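Peer 1:
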Amino acid sequence: MNMLSKKRRTNIKEYIYVDNVEINSILAQFEDGIPQVIKSIRQSTNTNTEQAGKNHQTNISGGAQLIAKGQAEQSWGKQHAEIQSNAEMNQEAIDTVYSDYAIDIIEQELESHNLLESDTKHSDGVFVKFTSQFSLLDLQSMRNTWTTNEIKPLVQMTDDYDESWDAAAESLKNSSIVLDNMFPETIFFKFPEAVAFAEKNNFRMSLIQLQMLTFSKRKVTILGKIESSVPNDESIDDIFGTENRLEESDDNIDLTALGQWGPALGVKMLKIFLGIKKGNRFIKPIAIYFE
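Here this note's numbering is used: position 82 in the sequence shown is 82, and no number is missing along the way.
Given below as structure tokens:
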């Protein structure tokens with residue numbers, strides 16, 4: 001039998017989003033969290049370090065036997081550069097793989113403590129991990145598209161263009177500006193019953209690469225925490241009614257309700273652009289990846 005046919009297929013995870021701050025925070029709260037990650041990557045780094053150390057010692061002892069001092073210095077200089085290069089590569093490798101190992105450890109720890117759920121039908125503060133179809137909304141790209149002066153002539157060039165498109169384009173332009181100001185540096189992952197708010201600086205992909213995911217048919221896996229749920233329309237309308245209550249009543253009113261206007265307006269607009277519904281969960285992602 002061909003030896004290649006005996007090899008097991010390896011599934012390579014493609015991590016596209018990793019929140020290292022949240023990862024380290026969670027690991028620190030498990031007794032062996034961070035030590036487990038370090039142990040997972042120690043073997044590969046120790047191998048390179050030990051080999052570099054042996055070469056270092058061999059070169060020093062050999063240098064004493066060299067006739068020409070210049071040859072000894074040249075040899076040591078070359079070896080020192082190689083050791084330094086290996087050390088830098090080891091550190092780069094540690095930085096690269098740390099998060100990947102850490103995500104595995106977090107999932108194992110959460111599961112072993114019965115703290116990880118496989119769907120979104122849970123209360124606020126619950127950790128979840130699930131795999132699902134998704135859609136993306138990049139507010140900055142949306143804003144850049146509809147605020148550029150060249151977009152209108154392009155729209156008018158389409159075969160089914162009519163004048164009503166101009167009003168729609170203007171509405172999209174204004175809406176994209178408002179949304180991008182409300183949710184700066186944020187990309188939304190929309191799932192059937194949830195939406196994840198992902199910070200741009202935690203992505204391992206460029207904006208152009210992310211836009212290509214719009215056409216992907218793959219399912220994505222998300223590890224995150226439920227932060228809150230989409231309120232019903234009555235609750236949102238009640239928030240906007242705070243101003244009227246202030247005018248009609250002389251009683252003391254909690255003015256912190258006024259601070260809810262922005263989030264309430266944001267939810268209303270997300271209902272339009274993402275189709276979120278009452279009871280859908282808002283999720284803070286820890287990691288997003290393809291398996």
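Quick reminder that beta carbons are idealized off the backbone N, C-alpha and C, glycines included. Quick caveat, the model's predicted, so the values are computed rather than measured.
(1) Measuring only the C-alpha atoms, how far is A198 from Y98?
(2) Measure how close the beta-carbons of K200 and E185 come, nearest whole angstrom, since I'm counting them as under 8 Å.
(3) Assuming A167 and R281 form a contact by the criterion Cβ under 8 Å, report the distance between their Cβ atoms to the nearest whole angstrom.
(4) Express the C-alpha separation of D159 and A287 in angstroms, rounding to a whole number.
(5) Between the alpha carbons of S141 and I26, how many angstroms are there, rounded?
(6) Would you mind working out which of W261, D162, S229 and N144 sits nearest I208, comparing C-alpha positions?
(7) Measure the Cβ-Cβ separation of K284 and S229 and say whether it is below 9 Å.
(8) Strictly by DSSP, which residues pair up with D138?
(9) Exposed or buried, which one is A102 when buried takes at least 16 other CB atoms within 10 Å?
(10) In this structure, how does DSSP classify E111 when only helix, strand and coil are distinguished?
(11) Alpha carbon to alpha carbon, how far is E170 from W146? Give it in angstroms, no decimals.
(12) Measure the Cβ-Cβ separation of K121 and E291 and say whether it is below 9 Å.
(13) DSSP puts T214 in a beta bridge; with which residues?
(14) Can you tell which of G259, F189 and V126 has the C-alpha that lies nearest to the C-alpha of I226?
(15) Measuring only the C-alpha atoms, how far is E117 from E109?
(16) Identify, in the order they occur along the chain, each residue of the same chain with its Cβ nearer than 7 Å to the Cβ of M182, setting aside the five sequence neighbours on each side.
(17) Closest to F273 by CA distance: which of L139, N20 and P231 is it?
(18) Run through DSSP, which three-state label would G279 get?
Peer 2: Reading from the atomic positions:
(1) 20 Å
(2) Their Cβ separation, rounded to whole angstroms, is 5 Å, which keeps K200 and E185 in contact under 8 Å.
(3) Contact doesn't hold; Cβ gap of about 34 Å is too wide.
(4) 42 Å
(5) 32 Å
(6) N144
(7) Cβ distance not < 9 Å, so K284 and S229 don't count as in contact.
(8) Beta-bridge pairing links D138 to I187.
(9) It counts as buried.
(10) Note: E111 maps to helix in three-state DSSP.
(11) Going by the C-alpha atoms only, they are around 8 Å apart.
(12) Taking 9 Å as the Cβ cut-off, K121 and E291 do not qualify as a contacting pair.
(13) T214 is not bridged to any residue.
(14) V126
(15) Their backbone Cα atoms lie some 13 Å apart in a straight line.
(16) Within the same chain, M182 has close Cβ partners G262 and G266.
(17) L139
(18) coil
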